[in-house]
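Residue numbers (the working numbering), protein chains in the order written: chain A, 43 to 276; chain B, 308 to 599; chain C, 952 to 1363; chain D, 3 to 290.
Printed below as a string of structure tokens:
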């Protein structure tokens, strides 16, 4: 089933459109990568999807329901979770507070325990303020927080942005594991090659428009793509 | 009637100078200076103390007053420029209070709370009151022209670019800092000269005349008119004056409001206008006339 | 999102335009027969906001009463009131507007030195009488046209009186608590001079800033000198806080303060116990005087509070009476200079004494040409520079009431 | 003993500023602007106490409780009619708008209550003397009320689900929204808290001083200084900074005198910011 579907989506600040008409979709249990140069409008697109941009127009549906008319706060209950770039946890909240913010009650309690067993490092530091966590732990917390609400889709904005290559590899592993939890992933990545390797499909943005789209392997193999957006082999 | 109009023009003109200076600092360079009355006081006292007890030429004193205020402004900016804008606002506000209390405390120099009297008027061709208003208007025109030229110069384009682009602001370069310092200094100069004009116009100054309320009035003028526009400072000052002075006449046709009530209503109306404009029309009254 | 609450430029300008239109329509004083126009630029807001309303309402109430009683010398009074914000530039603008738009002939109830200094060149040039409570010596020098009347006794005379009180009561270790403003510093400095001349010692002087929430360290410093009397030179709000905190800190030394600081409102707020035995001085020799009783009644009507709450209102009351008496004496008055001359003729100290406008009117009808008006705020005598000599009454607070003790006359 | 008494004086001074700094800091932490109307909220709080005392015949307790309700309502109204619309403009614009609100509140107060002073009725008592160390009974109550107020604020912030949401929104607005936190509910809690802090703070200030339209405004700048020193948006830091500033200010009086003590906090503010631009207990904001 088709989860997220964007048609002719435009997103912008003030009078300028950064995203200038994008068609995009994410299927259930699918990992989709969005790559592109700096300033191509990747982050703005995600903000638009999450309802956090000042101005969004076009069509946007989630599991058949209209998204545009819903506030950012409503999107979570539809089943979309968001992990922004860098500032992806609440730094002054403790680890367990970061998780419990996503929901309370019996259900949440058991869900939290699941998270702690999934990320044991977090389980050991339940009462620590998130600001005191290491970069890797923080990233884990961000994932755990996003998973708390049992979403159907997780939107990741450059999950490896501030991480070392070793940690990045770990993060990509985690993203792959999400599939086993029945979660689809829409991911923005600078490390497009690595990201596409674990993705089903990919979109390449340029100047606010989709420049290329296709199955991940096909994009990885495309020589033009190689030259323009992926650069030399890492 | 003519003297009332001249007085209005003189006092309004001094406020307009301050508004123009703030417009330069905040409107064009995005620097929120809430210490206006401090630089105003520095200029005022410098010129007054130089001329009150000696034969120091008034114009020379006014120039020194402006330079001193510019120097202080430049110095303060050097210290606080790297602070975020909210902190900058409060620190500059605190600075102006420090100036005022120093004036109260350093009695040997400033005569303390008793103020400085016997400040000579502005020597020119006509009577003292007319001299003042002519000079105040002339300085205003000069400042407006200078600002106009400055804004359109490469230097002006740089500071405007700095103000508009938040991202570029984050990666603040060395030259950007020096631009900002210069703008802050320039604004300080104009405020200092305004203070000197004020001192020579009234002939008497005391610390009570340099309360933060003056700073807020100037801000009100700039926000009402629309920051970043020459016309904004002018219209804002006129509207502010209309609120403060026009309401005196309003009461003559509304005799059921006593002056005691009117005093409250007048300030309340300014507060109300400020709230409405800031929240519903942040670009100010003149916002639509000039492009962004 | 941006447009949702937008107010259009047109709407804003229309609003301003209509205000301007109303402004243009107003301000034209209607031509009536013998209307005498009085300006009241008072401190409604700002630092002296606690006094201004009482001053202004007293002037308005007096005009109403005088008009009801048939006016003065065939004139009825019209009062134009303004707020000076206790600041010189709004004061000057208010005065200019009153002089030129409302064509007033006298400005009454002007409060501070900065305000009076800003106004006096304008009032001199326009031939308008200026009655004020400024204390700066320069005001006498600026009174070039003889149009100024200074109702506040000089700092020198207040220092003299303070010295007299301390000496008379036999205290040896006075300490002054001085608000950092022109008038209060002047009073303390003057007292110190007299005290030093007399005893050769310099009392401790503690300067305090207005608008502080907590004066404990200042008061602790004052009490450290082990004073037997504390001289407080300040105003009602700070005096209320200081009297309260002095008591809390266990002070037993007596306090001397002006009556406009230790007001009835202060006594009411703190309760009689805290203020018991405080020595207060006022510019009026005796609050049992006939003029004071009459003023008290006017103030009650104007403000619904006892007149002792506001010395400056008593002064405003006297200012109105003097103007009215002058007009009664010389109904043909048309210039400020003539008004000032006539005021000098009715204020004393020579001439037939009178306590009110009604009494003076009778005396004038009986042929008197020189009067000695004895006012609610003092004897209201003025030298040719418009200064009032000091003539003070000293009271003690007993069970929350002022009890008159003795009078002191300033001698240079 | 001299210095102990000065320190005591400073503690009282600090407590008077602490509520104001707390209110400034609370507002900044979530609404992200410096609220210049904070002092005038306190003035409103003090006037409501005076009014309720006049009606009920002098009950201070009832006055404070009533003031908490009324001031919280006014605070909420200010959010609903004004600050809600300023969420997307620069913080300087909000600051200027709050100056407008401050002027407006003060003029409404003076329109109805005049410019004369009022007093809050409480039993005035002499200090208790411990070998020269003086403790004024009302100061104990002031301290108690301040601690109770702090406890209330921190209980709401740290022990309730909505408090968690308030802190989350303060930390990261976008993330909080994506986590389904509705800012409206959080703002209602925030502005109610600000109103309650203002009511109690206003009462304390009114008790120590007199009630005139300017009392809150007069304390605003030192309150700002404390809030910034504590690291804007860090309520506990603000309270600690206020108390430290108060004590240091009073202890400094033998050196700097009573005139300059009023700018002590400003001088410290500038000095500290030169050394630590984010404030004593502030944290470097995360890059967004």
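For every residue, glycine included, the Cβ atom is placed at its ideal position computed from N, Cα and C. Since we're looking at a predicted model, the values are computed, not measured.
Residue i at chain D interface by Cβ criterion, 9 Å
| i | result |
| --- | --- |
| residue 93 of chain A | yes |
| residue 117 of chain A | yes |
| residue 235 of chain A | no |
| residue 89 of chain A | yes |
| residue 195 of chain A | no |
| residue 954 of chain C | Confidence at residue 954 of chain C is low in this model, with a pLDDT of 42, below 50, so its placement is unreliable and the value that follows should be read with caution. No, because no Cβ of chain D sits closer than 9 Å to the Cβ of residue 954 of chain C. |
| residue 139 of chain A | yes |
| residue 325 of chain B | no |
| residue 476 of chain B | Any reading at residue 476 of chain B must be qualified, since the residue scores a pLDDT of 49, below 50, and its modelled position is unreliable; the value itself is stated next. Judged by the 9 Å Cβ criterion, residue 476 of chain B is not in contact with chain D. |
| residue 256 of chain A | no |
| residue 978 of chain C | Any answer about residue 978 of chain C is weak, because its pLDDT of 40 lies below 50 and its placement is not dependable; what the coordinates show is given next. So no, residue 978 of chain C is outside the interface. |
| residue 129 of chain A | yes |
| residue 187 of chain A | yes |
Contacts that residue i makes with chain A (C-beta to C-beta distance below 9 Å)
| i | result |
| --- | --- |
| residue 165 of chain D | Near residue 165 of chain D there are no residues of chain A at all, since even the closest Cβ is about 10 Å away, more than 9 Å. |
Where the beta strand (DSSP E) containing residue i begins and where it ends
| i | result |
| --- | --- |
| residue 270 of chain D | Looking at the DSSP string, residue 270 of chain D is not in any beta strand (DSSP E); the run it does join, the alpha helix (DSSP H), is 266–277. |
| residue 1156 of chain C | 1155–1159 |
| residue 986 of chain C | 986–993 |
| residue 69 of chain A | 58–69 |
| residue 335 of chain B | Neither: residue 335 of chain B is in no beta strand (DSSP E) and is coded neither H nor E. |
| residue 583 of chain B | Taken as a continuous stretch (DSSP letters only), residue 583 of chain B belongs to no beta strand (DSSP E), being part of the alpha helix (DSSP H) at 566–587. |
| residue 229 of chain A | 226–230 |
| residue 189 of chain A | Not the beta strand (DSSP E): residue 189 of chain A falls in the alpha helix (DSSP H), residues 177–190. |
Delimiting residues of the alpha helix (DSSP H) encompassing residue i
| i | result |
| --- | --- |
| residue 1032 of chain C | First-last for residue 1032 of chain C: 1027–1034, but that is the beta strand (DSSP E), not the alpha helix (DSSP H). |
| residue 1304 of chain C | From DSSP, residue 1304 of chain C is part of no alpha helix (DSSP H) but of the beta strand (DSSP E) over 1303–1305. |
| residue 199 of chain A | Residue 199 of chain A -> not in any alpha helix (DSSP H); beta strand (DSSP E) instead, spanning 195–199. |
| residue 352 of chain B | 343–359 |
Partner residues on chain D for residue i, Cβ-Cβ distance less than 8 Å
| i | result |
| --- | --- |
| residue 132 of chain A | 169, 170, 173, 174, 177, 178 |
Contacts of residue i in chain D (Cβ-Cβ under 7 Å)
| i | result |
| --- | --- |
| residue 523 of chain B | 101 |
Chain A within 9 Å of residue i, Cβ atoms only
| i | result |
| --- | --- |
| residue 86 of chain D | no |
Within chain B, partners of residue i - CB distance below 8 Å
| i | result |
| --- | --- |
| residue 226 of chain D | 397, 400, 401 |
Contact under 9 Å by Cβ, residue i with residue j
| i | j | result |
| --- | --- | --- |
| residue 200 of chain D | residue 46 of chain D | yes |
| residue 36 of chain D | residue 30 of chain D | yes |
| residue 522 of chain B | residue 323 of chain B | no |
| residue 496 of chain B | residue 332 of chain B | no |
| residue 511 of chain B | residue 1088 of chain C | no |
Cβ of residue i within 9 Å of any chain B Cβ
| i | result |
| --- | --- |
| residue 1104 of chain C | no |
| residue 106 of chain D | yes |
| residue 234 of chain D | yes |
| residue 1034 of chain C | yes |
| residue 1138 of chain C | no |
| residue 1015 of chain C | no |
| residue 288 of chain D | Low confidence applies here, because residue 288 of chain D scores a pLDDT of 39, under 50, leaving its location unreliable and the question unanswered by this model. |
Proximity test, Cβ basis, 9 Å: residue i and chain C
| i | result |
| --- | --- |
| residue 555 of chain B | yes |
| residue 504 of chain B | no |
| residue 215 of chain D | yes |
Neighbouring residues, chain D, relative to residue i (Cβ below 9 Å)
| i | result |
| --- | --- |
| residue 460 of chain B | Going along chain D, no residue has its Cβ under 9 Å from residue 460 of chain B, so there is no contact; the nearest lies around 25 Å. |
| residue 574 of chain B | 105, 106, 108, 109, 112 |
Closer than 9 Å to chain G by CB, residue i
| i | result |
| --- | --- |
| residue 184 of chain D | Structure shown: chain G not included; protein chains present are A, B, C and D. |
Within chain C, the residues that residue i reaches when beta carbons sit closer than 8 Å
| i | result |
| --- | --- |
| residue 117 of chain D | 995, 996, 1000, 1001, 1003, 1004 |
Chain-ordered neighbours of residue i on chain C, where CB pairs are closer than 7 Å
| i | result |
| --- | --- |
| residue 566 of chain B | 995, 1007, 1032, 1033, 1034 |
Under 7 Å from the C-beta of residue i: neighbouring residues of chain A
| i | result |
| --- | --- |
| residue 181 of chain D | 118, 143, 144 |
Flag this pair as touching only if the region 105–121 of chain D and the region 87–94 of chain D have three or more C-beta atom pairs under 8 Å; answer yes or no.
no
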